[in-house]
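Beneath this line is the structure, given in C-alpha cells, with notes to follow.
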Amino acid sequence: MTDKELKTIIEDIQASPRECEWVEIKKDNSKPELIGEYVSALANGAAYMGQPKGYLAFGIDDSSHAIVGTKFSPKDEKVGNQEIENWIASLLNPRIDFCIQEIEVSGKRVVLFIIDSVKDTPVKFKGTAYIRVGSYKKPLSEHPERERKIWQNSRNSCFELSVAKSGLKDDEVLQLIDYPNVFRLLQEPLPENKHAILQKLEEEKVVCKRPSCFDITNLGAILFAHDLRTFDSLARKAVRVIFYRGNDRLHAMKELVEWKGYAIGFQSVVDYLSESLPVNEEIGRSQRKETPVYPPIAIREFVANALIHQDFSISGTSPVIEVFQSRLEITNPGKPLIDILRFIDHAPISRNEKLAFIMRRMNFCEERGSGVDRAISECELYQLPAPDFTNEEAYTRVSMFTPKAMRGMNKEDKIRACYQHCCLQYVSGKKMTNESLRVRLNITPSNYSTASRIISDTVGAGLIKLDDATRSRKYAQYVPVWV
Numbered sequence: 001m002t003d004k005e006l007k008t009i010i011e012d013i014q015a016s017p018r019e020c021e022w023v024e025i026k027k028d029n030s031k032p033e034l035i036g037e038y039v040s041a042l043a044n045g046a047a048y049m050g051q052p053k054g055y056l057a058f059g060i061d062d063s064s065h066a067i068v069g070t071k072f073s074p075k076d077e078k079v080g081n082q083e084i085e086n087w088i089a090s091l092l093n094p095r096i097d098f099c100i101q102e103i104e105v106s107g108k109r110v111v112l113f114i115i116d117s118v119k120d121t122p123v124k125f126k127g128t129a130y131i132r133v134g135s136y137k138k139p140l141s142e143h144p145e146r147e148r149k150i151w152q153n154s155r156n157s158c159f160e161l162s163v164a165k166s167g168l169k170d171d172e173v174l175q176l177i178d179y180p181n182v183f184r185l186l187q188e189p190l191p192e193n194k195h196a197i198l199q200k201l202e203e204e205k206v207v208c209k210r211p212s213c214f215d216i217t218n219l220g221a222i223l224f225a226h227d228l229r230t231f232d233s234l235a236r237k238a239v240r241v242i243f244y245r246g247n248d249r250l251h252a253m254k255e256l257v258e259w260k261g262y263a264i265g266f267q268s269v270v271d272y273l274s275e276s277l278p279v280n281e282e283i284g285r286s287q288r289k290e291t292p293v294y295p296p297i298a299i300r301e302f303v304a305n306a307l308i309h310q311d312f313s314i315s316g317t318s319p320v321i322e323v324f325q326s327r328l329e330i331t332n333p334g335k336p337l338i339d340i341l342r343f344i345d346h347a348p349i350s351r352n353e354k355l356a357f358i359m360r361r362m363n364f365c366e367e368r369g370s371g372v373d374r375a376i377s378e379c380e381l382y383q384l385p386a387p388d389f390t391n392e393e394a395y396t397r398v399s400m401f402t403p404k405a406m407r408g409m410n411k412e413d414k415i416r417a418c419y420q421h422c423c424l425q426y427v428s429g430k431k432m433t434n435e436s437l438r439v440r441l442n443i444t445p446s447n448y449s450t451a452s453r454i455i456s457d458t459v460g461a462g463l464i465k466l467d468d469a470t471r472s473r474k475y476a477q478y479v480p481v482w483v
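Everything in the sequence shown is counted per full-length UniProt numbering, starting at 1 for the first residue and increasing by one.
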C-alpha cells in the first residue's frame, strides 16, 4: 500500500466524529492479547456494518483525533519467539487477512492494522469472537442480533460492491472512469459540474463516497474503466478474442484483448467479430449481398451472457471468444446456476444481479429470460446447427457452428436441434410437430421418416415427450420433458 493510500485512510479516521464498529484508535497500547481481540472485533464489526475493512490505529489521539505519534513498533514486538503479526494470525479462526503498516505523518509515527472484513463466518481470537458495541469491545455471543446480521451480510456480500481501488480524489476517479460514456449509455445528459457527475456515479454504485475520498467499486471498474490494467484485481478479467487457423488451438492467427470496461468496450468487441468473421455472398440480379455466417444478434446475446453470468471469484481467467474454421466458442468462468437444458425457458439466475441490471438498462442484452430464446431462434432462421451448451466445474461454454448439411450432422447434433426447437415452440405457445422440425432442419416433405427418426431419438434421450393432448399419430405434437 502506498504512502498516499495510507494517508488517505488516516485522514478518513481523523474525519470520523468518533470511533465506531470498524475503527479503533490508540496512542500506545502494545498488549498482544488486547490487539488480537481488537482484530477479531474490528473484522466482525466491519462485516456487521457492511464495510470492506476494519482499522486499528496507533499514534492518533482518541479524543481530538490529532496525530500524536506512537512508540509502539510492531516489528520489534514478539510473543515468545514469534513476531506479533504471526502470533495473532495463528490464533484467529477462521484465518483472515490483515496487515500492519507504518508511516510518518508530520514527523510522527502512525501504525495501522488494516483488517479484512469477515466473509463467511465471524472470526474468533483464542476461541472467542468479539465485536465493537459503541466504544466498547464485547464478546459477540452477548449480542446475538449482531451475530445474525454478520451472517446475513456475509451471505449477501457481492463482488460488484467490493472495492477495486480505494482512497481516490475526485479528479482521480474521473481519470480512471470513462464517465462521459456512462451518461451516454444511460441516455442521460452529462452534468456541467464535477459534483453532479460524482453524485450520479455514487447513485449508480460506480463509486462509494468516504469522508475524504472515493472508492471505485468492482461494478464501476469492470463496466466503465478506461483501462482494466489500472485495477490490479481486474486486469485478468478483460475480454479476449482469439482467431485460430483450422479447428484446433495449435495455431492462433490473431488476438484482441479489450482493456476497456465491459460496457465501454462491448460494441468494439462485437464490431471486431463482425468485421473478422466469414460471410456468405449472395449474388442477385443487380448486386452482390454479403450475409454473416453467424447471426449478429446471437453473437451479441451470447457474449453479453458470458460477461454477466461469469463467476468473478475464479481468479486468473476471463471471458474468451474463440473463432475456429467451423465453429465459434464463447466461454466464461464459472458453472451456471441453472441446468443448461433449461437455458431457453428458465428466467436467468445471475451471480451478478447489479451488473446484469445495468447491462439491461444500457440495452446490451434482452429482458430477463428472452435473450437465449432469441439467439437460438436466430440460429434456426440462419439454418445453422443448434448451439451446444456445455459446462464443467470451472466454466460455461456455448459453441455456434457454421452451416452444415443434414448428412454432415451426427446423432447428437440432430437430437440437440430437435430439443431446442421443441423448447422454442413451447415458449412461443406452440407445439413441435414433424412438419415444424422438417422446416427447422430443411428436410423435404418426402423425407418425413427422417424427421420421425430424429424425434424418436430425442424422446429416447429423455428430452421431449408426446403431448398429452395428442389424439393422432399422424399429427403428433411434442413438448419438452420438463413440461
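Note that the Cβ used here is the ideal one computed from N, Cα and C, for glycine as well.
Residue(s) in a DSSP beta bridge with C20: Taking the sequence shown and counting its residues from 1, the one referred to as residue 20 is at position 20. Beta-bridge pairing links C20 to V23.
Mind listing, in chain order, the continuous alpha helix (DSSP H) runs of no fewer than 4 residues lying wholly within the stretch 117-175? Here the runs fully enclosed are 144-156.
So if DSSP puts D215 in a beta bridge, which residue, or which two residues, is it bridged to? For this step, residue 215 is matched to residue 215 along the sequence shown. BP columns for D215 point to C208.
Between D215 and the rest of its own chain, which residues show a CB-CB distance below 6 Å, the 5 nearest in sequence each way excluded? Within the sequence shown, residue 215 is the residue found at index 215, counting from 1. Counting only Cβ-Cβ distances below 6 Å, and skipping sequence neighbours, we find V163, S166 and C208.
At least three beta-carbon pairs within less than 8 Å, the stretch 413-433 to the stretch 448-464: yes
Taking C-alpha atoms, which residue in S212, R210 and L186 lies nearest to K200? Position 200 of the sequence shown, counted from the start, is the residue given in the question as residue 200. Nearest of S212, R210 and L186 to K200, Cα basis: L186.
Would a C-beta distance cut-off of 8 Å place I264 and D178 closer than the cut-off? If you number the sequence shown from 1, residue 264 lands on position 264. If you number the sequence shown from 1, residue 178 lands on position 178. A contact, by the Cβ cut-off of 8 Å.
What residue range does the beta strand (DSSP E) around K254 cover? For this step, residue 254 is matched to residue 254 along the sequence shown. Element bounds for K254: A252 to E258.
If we count Cβ pairs, one from each stretch, closer than 8 Å, do we get three or more for the stretch 333-342 versus the stretch 313-324? yes
Return helix, strand or coil for Y38, following the three-state DSSP convention. As a first step, residue 38 is located in the sequence shown; it is residue number 38 there, counting from the start. Y38 falls in the helix class under three-state DSSP.
DSSP three-state assignment for T458, whether helix, strand or coil: Along the sequence shown, read from residue 1 onward, the residue named residue 458 stands at position 458. Three-state result, T458: helix.
So which of S377, K354 and N447 has the shortest CA-CA distance to L161? Working through the sequence shown from its first residue, we reach residue 161 at position 161. If we check each option's Cα against that of L161, K354 comes out closest.
Mapping the DSSP letters down to three states, classify G408 as helix, strand or coil. Here the question's residue 408 lines up with position 408 in the sequence shown. In this structure, G408 counts as helix in the three-state DSSP scheme.
Return the residue from the list C422, Y426, S428 and G50 that minimises the CA-CA distance to L441. Taking the sequence shown and counting its residues from 1, one reaches residue 441 at position 441. Nearest of C422, Y426, S428 and G50 to L441, Cα basis: C422.
Verify whether the separation of the beta carbon atoms of residue 484 and M406 is less than 8 Å. For residue 484 there is no data in the structure shown, the boundaries of the chain being 1 and 483.
First through last residue of the alpha helix (DSSP H) which encompasses M400: Here residue 400 is taken as the residue at index 400 of the sequence shown, counted from 1. Looking at the DSSP string, M400 is not in any alpha helix (DSSP H); the run it does join, the beta strand (DSSP E), is Y395 to F401.
Exposed or buried, L228, counting other C-beta atoms within 10 Å across all chains shown (16 or more means buried)? In the sequence shown, residue 228 corresponds to position 228, counting from 1. Buried, because 16 or more other Cβ atoms sit within 10 Å of the Cβ of L228.
Which residue marks the beginning of the alpha helix (DSSP H) containing R229, and which one marks its end? The sequence position of residue 229 within the sequence shown is 229, counting from 1. Taken as a continuous stretch (DSSP letters only), R229 belongs to no alpha helix (DSSP H), as it is neither H nor E.
Quick check on this structure: which residue in D120, Q175, L174 and T128 has the alpha carbon closest to the alpha carbon of K149? Within the sequence shown, numbered from 1, the residue matching residue 149 stands at position 149. Out of D120, Q175, L174 and T128, D120 has the C-alpha closest to the C-alpha of K149.
Thinking C-beta only, is G261 closer than 8 Å to L299? Here residue 299 refers to the residue found at position 299 of the sequence shown. Here residue 261 refers to the residue found at position 261 of the sequence shown. The sequence shown places Ile at residue 299, not Leu. No.
Mind checking whether I114 and Y38 have CB atoms under 8 Å apart? Translated into the one-based positions of the sequence shown, residue 114 becomes position 114. Translated into the one-based positions of the sequence shown, residue 38 becomes position 38. Cβ distance not < 8 Å, so I114 and Y38 don't count as in contact.
Identity of the residue in F357, D116, M253 and P32 nearest G80 by Cα: One-based indexing of the sequence shown puts residue 80 at position 80. Cα-wise, what sits closest to G80 is P32.
Tell me the rounded alpha-carbon separation between F231 and K237. Here residue 231 corresponds to residue number 231 of the sequence shown, with the count starting at 1. Here residue 237 corresponds to residue number 237 of the sequence shown, with the count starting at 1. Their backbone Cα atoms lie some 10 Å apart in a straight line.
Using a Cβ-Cβ cutoff of less than 6 Å, which residues in the same chain neighbour A30 once the five nearest sequence positions on both sides are dropped? One-based indexing of the sequence shown puts residue 30 at position 30. Sequence check: residue 30 is Ser here, not Ala. Once the five neighbours on either side are set aside, the close Cβ partners of S30 are F72 and E77.
Report the three-state DSSP secondary structure of R240 (helix, strand or coil). The count along the sequence shown starts at 1 and reaches residue 240 at position 240. Residue state, collapsed to three classes: strand.
Could you check whether I131 and Y244 sit closer than 8 Å to each other, using their CB atoms as the reference points? In the sequence shown, counting from the first residue as 1, residue 244 sits at position 244. In the sequence shown, counting from the first residue as 1, residue 131 sits at position 131. Not in contact: Y244 and I131 (Cβ atoms no closer than 8 Å).
Identify every run of the beta strand (DSSP E) within the stretch 311-338, keeping only runs that are complete inside it and at least 3 residues long; order them along the chain. 320-323 and 327-333, all fully within the stretch 311-338.
Please confirm whether I338 and I349 have their CB atoms less than 8 Å apart. The sequence position of residue 338 within the sequence shown is 338, counting from 1. The sequence position of residue 349 within the sequence shown is 349, counting from 1. Taking 8 Å as the Cβ cut-off, I338 and I349 qualify as a contacting pair.
In or out: P385 buried (at least 16 other Cβ within 10 Å) or exposed? For this step, residue 385 is matched to residue 385 along the sequence shown. With a 10 Å radius around the Cβ and a threshold of 16 neighbouring Cβ atoms, P385 comes out buried.
With C-beta atoms as the reference, is residue 502 less than 8 Å away from G36? The chain is shown only over 1 to 483; residue 502 falls outside these bounds and no answer can be derived.
Same chain, Cβ closer than 8 Å to V270, five either side skipped, listed in chain order: Here residue 270 is taken as the residue at index 270 of the sequence shown, counted from 1. Closer than 8 Å at the Cβ level, and outside the excluded window around V270, lie P296, I299, R300 and V303.
Whose C-beta lies closer than 8 Å to the C-beta of K27 among residues of the same chain, with five residues either side of it excluded? One-based indexing of the sequence shown puts residue 27 at position 27. F58, G59, I60, D61, D62, V68 and T70.
Use the C-beta contact count for L381: other C-beta atoms within 10 angstroms, 16 or more gives buried, fewer gives exposed. Translated into positions along the sequence shown, residue 381 becomes position 381. L381 should be labelled exposed.
Which listed residue (E142, A225 and Q152) has its alpha carbon closest to that of residue 485: As displayed, the chain neither begins before 1 nor continues past 483, which places residue 485 out of reach and without an answer.
Please classify T8 as buried or exposed, where buried requires at least 16 other C-beta atoms within 10 Å of its C-beta. As a working note, residue 8 is residue 8 in the sequence shown. With 16 or more other Cβ atoms within 10 Å, it is buried.
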